[in-house]
Structures are given as structure tokens and as C-alpha cells.
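Just so you know, the sequences run in chain order A and B. Residues in the first sequence are numbered from 1 upward in steps of one, following our numbering. Residues in the second sequence are numbered from 1 upward in steps of one, following our numbering. Read through the structure below, which is laid out as C-alpha cells, and then see the notes.
Protein chains: 2
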Amino acid sequence: MSSNALIKGSLQTIILKLLEENEKMYGYEITQKVKELTAGEIKITEGALYPALHKLEAEGLLTTEIQQVDNRVRKYYSLTKDGHKEVSSKLAELQSFVESMQRIINPGLKPEFSL
Amino acid sequence: MSSNALIKGSLQTIILKLLEENEKMYGYEITQKVKELTAGEIKITEGALYPALHKLEAEGLLTTEIQQVDNRVRKYYSLTKDGHKEVSSKLAELQSFVESMQRIINPGLKPEFSL
DNA sequence: TTATATACCTAAGAAACTGAGGTATATTAT
DNA sequence: ATAATATACCTCAGTTTCTTAGGTATATAA
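Written out as C-alpha cells, the structure is:
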């Protein structure tokens with residue numbers, strides 16, 4: 001899976017946001033959810049996703065829980081307390097970034113119409 | 001200068017868009033313009049900017065023109081014909097990406113309110 | 001039985017940064 | 001005078017984050 005060159009750096013934010021809404025998710029589920037939400041526009045590669053999940057876990061933002069489903073192993077991820085805090089912070093950062101990009105890309109835009 | 005981890009991949013788009021509006025600009029001017037437009041939110045590092053400009057020039061999207069101003073050298077960049085075409089393409093890509101991010105981050109948002 | 005879907009993972013290489021450094025002139029502050 | 005800041009270009013080592021391609025394994029559909 002692959003798609004947009006702009007995702008760089010926002011994958012963590014995507015993961016955290018989805019986990020804030022869904023309580024717990026496993027890796028494969030995240031790739032499918034993103035594909036579904038974006039109508040196939042953003043496709044997260046597994047080579048990007050799994051290292052990102054492992055990193056977030058190592059940073060103490062996520063915890064894991066393994067489940068057996070039909071003889072297949074699923075590794076569920078969920079937010080820790082620190083993880084919950086980080087979501088707001090990352091979302092604010094993204095919001096701020098998008099607004100800044102708006103000012104560059106669409107200089108005539110009125111503030112009340114900005115994101 | 002430094003700031004946001006999300007700029008990755010959008011620096012080229014920023015450069016191309018600014019040059020579409022300003023006919024010709026030099027490197028330092030671009031860093032100042034971005035800082036001004038984003039109220040200091042996005043600060044482009046020179047270590048990122050100059051290699052990006054050189055790459056865009058190597059790809060034939062920009063041309064350069066050197067000027068002397070008060071014994072100081074300025075290297076002005078402007079869009080080539082290919083560069084002009086690439087702006088629309090990059091902007092469309094960015095727009096599409098931002099919309100996709102909206103659907104992930106703000107799942108309840110109505111389509112008519114999306115970016 | 002072969003391909004696709006589900007489900008995890010790693011690892012080499014590429015790409016785009018950061019951060020720190022270098023060179024040089026002009027201006028402003030001490 | 002001199003030091004610091006602003007202007008103006010640049011490079012390069014190292015880091016992060018991705019892509020691409022592989023590997024393992026089970027379940028299901030063709």
C-alpha cells in the first residue's frame with residue numbers, strides 16, 4: 001500500500017486519533033479503517049505502520065494486548081494515560097499546521113473561514 | 001529556524017505556490033515570507049530550503065538569475081513552464097490530502113464544509 | 001490448488017528533514 | 001571601535017520516516 005508523499009509525520013497523529021475514538025484496534029484494522037475513511041486516498045503501508053506502532057508503544061503512549069481469533073493472532077493497541085494527553089497535543093499541532101498552510105496556499109482567505 | 005514536524009513533503013508545494021504568486025523570489029526572502037504569512041508558526045530551515053530549491057531547479061521546474069544588491073549576491077528563482085504546470089498538480093495533491101486528513105480527524109464533518 | 005484476504009513482522013535503501021557549521025557584507029547597538 | 005544582529009548564500013553528518021520487498025502463517029474463495 002502506498003499513496004501520498006505528504007503523510008510524512010502525520011501517521012502518528014492518525015494512529016492516536018483513531019485509537020482515541022475506537023478504544024482498541026489492531027494494526028491491520030487501522031490500515032483498513034484509514035482506507036475506508038479516505039475512500040482509498042490514503043493507504044498506510046505496513047512497513048510504515050508497524051514500526052510506528054512499536055515506537056509509540058516504546059514511548060509509553062500505547063499498550064498492547066494479544067488475542068486469538070480463529071487461530072490467528074491479533075495484537076490490539078490502546079492509548080495509555082500519556083497517550084490520551086498526546087492526542088490533544090498532536091491534533092492541535094496538526095490543526096495549527098493546516099491553518100498555516102491555508103495562509104500560504106490561500107492568502108486571501110478570511111480568518112473566520114479558516115479551518 | 002525550525003518548527004513543525006509535519007512540513008515534510010510540503011516544502012516543495014510551498015515554494016512553488018509562493019513563486020506562482022511572486023514572479024521571482026530569492027531563498028532568504030522565501031523563509032521570511034513564510035514566517036510572515038504564518039505568524040512565525042512555520043519556519044523554514046535553510047538546510048531544508050536550499051537543497052529543495054536546487055532539486056526543483058535540477059528537475060527543470062525553476063530557473064535562476066543572479067543579481068547584485070549592495071555588494072551582496074541574490075539568487076532569484078522563478079517558475080519555468082513545467083514549474084507552472086506542477087503548481088496546480090501539487091496544490092491539488094495537497095488539497096486532497098488535507099481533505100482526507102479531515103475525514104480521519106473530524107469524522108462527523110459534512111462534505112460541504114470540508115476544505 | 002491457487003489466489004486473495006487476514007494478520008503479524010523486518011530490513012535495505014531512499015527521501016526529506018534538523019542542526020551545526022562555513023563564508024561574506026551591512027547595519028545597529030554598546 | 002567592536003560586537004552583535006540581519007542579510008544572503010551554501011554544505012554535510014546524522015536522524016527520522018517513509019517505500020519496497022521480502023518473510024511467516026492461517027482462512028477462505030475461485
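Note that beta-carbon positions come from the ideal geometry of N, C-alpha and C, so glycine has one too. Small disclaimer: the values here were computed from a predicted structure and weren't measured.
**Study point:** Ala58 (chain B) to Thr45 (chain A) span [Cα, whole Å]
**Key:** Taking the straight line from one Cα to the other gives about 30 Å.
Point to revise | Closer than 7 Å at the beta carbon, the chain A residues around Thr38 (chain B) | key: Neighbours of Thr38 (chain B) on chain A, chain order: Ser100, Arg103 and Ile104.
Check your understanding: Counting contacts by CB-CB distance shorter than 8 Å, is Leu94 (chain B) in contact with chain A?
Key -> Chain A contact via Cβ: present.
Review point. When DSSP labels each residue in this structure, what does Thr13 (chain B) get in the three-state scheme?
Key: For Thr13 (chain B), the three-state secondary structure derived from DSSP is helix.
Exercise for review: Report yes if the C-beta distance between Glu41 (chain B) and Ser100 (chain A) is below 8 Å; otherwise report no.
Suggested key: Cβ atoms of Glu41 (chain B) and Ser100 (chain A): closer than 8 Å.
Check your understanding: Got a sec, what are the start and stop residues for the alpha helix (DSSP H) Lys81 (chain A) sits in?
Key -> Residues Lys81 to Ile105.
Practice item. From the DSSP output, in three-state form, read off Thr126 (chain B) for me. Key: Lying outside 1 to 115, the shown extent of chain B, residue 126 (chain B) is not represented and no answer is given.
Exercise for review: Tell whether a beta-carbon distance below 8 Å holds between Leu79 (chain B) and Thr13 (chain B).
Suggested key: No, the pair does not count as a contact, with Cβ atoms beyond the cut-off.
Exercise for review: Find the residues of chain A that neighbour Ala52 (chain B), judging by a C-beta separation of less than 8 Å, and give them in chain order.
Suggested key: Result: empty, since nearest Cβ-Cβ is about 13 Å, beyond 8 Å.
Practice item. Could you tell me which chain A residues have their CB closer than 9 Å to the CB of Ile14 (chain B), listed as they occur along the chain? Key: Chain-order list of chain A residues neighbouring Ile14 (chain B): Met101, Ile104 and Ile105, by C-beta distance under 9 Å.
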